[in-house]
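Inspection log for the structure reproduced underneath, given as structure tokens.
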Amino acid sequence: MRHAIAQTLSFIALAILIGCYVDDGNCPPVQPSTPVAAGGEATVGVGVQATGTVQTTQPTGPATVTVFGSTQPIEGALRGNIFALPEGTARLPDFAQMPSIGTIYASSIDIAARSFDSGFPGVTDRFEWFGIRYEGTVNITTGGSYGFRVVSDDGARLTIDGQVVVDNDGVHPPTSRAGQVVLQPGAHRIMLDYFQGPRVQIALQLFWTPPGGQEQVFAVR
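Numbering-wise (my numbering), the sequence shown opens with residue 576 and increments by one.
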């Protein structure tokens with residue numbers, strides 16, 4: 576008798592399973608075993624000179640690399656938001672009021688004068704009339720007067736803690752401008768705005784000179 580009951584229960588269970596398979600309405604929805612983050616993105620932290628962090632999101636898909644940076648987050652790197660500019664732009668716009676069309680990351684800014692017609696693969700095919708705002712945090716261990724120099728084609732502007740240190744704005748061939756700022760030990764916010772006007776020549780280099788030191792490319796240590 577027990578054997579017959581067991582066989583009956585087995586047939587009933589099998590019938591239920593078959594009913595679930597052929598009729599979705601007979602079965603409750605299946606819940607995923609592991610929650611998935613909305614948008615398929617993971618939050619990571621990056622900073623500048625390995626001395627502070629800025630919250631960023633890691634894009635999905637393969638990384639692409641240009642002279643301006645990589646779409647893959649780099650620990651300690653500057654984060655650069657890319658913007659589309661109207662044709663004829665002659666000065667740096669207020670990027671804070673514009674939507675970004677993509678994000679790149681750069682551990683140094685050392686783009687000597689060259690031709691640029693490849694755009695940003697995987698982000699945008701623009702190679703003229705675009706802007707980039709690089710941002711990060713630099714941690715100063717030795718206080719004093721720091722020299723900064725920007726070479727750009729076209730316009731660029733370096734701001735530290737909200738203070739303009741180097742202004743190299745406008746449409747022009749590769750041009751160098753320099754400035755100095757006194758920095759106390761601790762974390763400082765750095766921002767470098769850049770825009771490329773008409774095709775196809777570009778240049779963007781950021782140098783700094785620590786107190787008593789030699790000029791060098793501003794880069795992640």
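Positions of the beta carbon are idealized from the N, C-alpha and C atoms, including for glycine.
H763 is classed as buried because its beta carbon has at least 16 other beta carbons within 10 Å across all chains shown. The DSSP-derived three-state label of F705 is strand.
Annotated three-state conformation of Q759 is coil, per DSSP.
Counting along the chain, no beta strand (DSSP E) covers A665, and no H or E run does either. Take the alpha-carbon of Y680 and the one of I735: they are about 19 angstroms apart.
Here A671 carries a helix assignment [DSSP, helix/strand/coil]. At a Cβ-Cβ threshold of 9 angstroms, P749 and A688 count as neighbours. For D692, the closest alpha carbon among the candidates N743, Q780, F643 and F723 is that of F643. Excluding residues up to 5 positions away in sequence, S645, T646 and Q647 lie with their Cβ nearer than 6 angstroms to the Cβ of A638 in the same chain.
Of the other Cβ atoms in all chains shown, 16 or more fall within 10 Å of the Cβ of A778; this residue is therefore buried.
The residue from R701, L767, P785 and V713 with its alpha-carbon nearest to that of D685 is L767. P785 and Y721 have their C-alpha atoms some 5 angstroms from each other. Collapsing the DSSP output to three states places F643 in coil. The straight-line gap separating the alpha-carbon atoms of F705 and Q672 is approximately 15 angstroms. Under the 10 Å beta carbon count, Q780 is surrounded by 16 or more other beta carbons and is classified as buried.
Taken through DSSP and simplified to helix, strand or coil, R774 comes out as coil. In the structure shown, I765 falls within a strand segment according to DSSP collapsed to helix, strand and coil.
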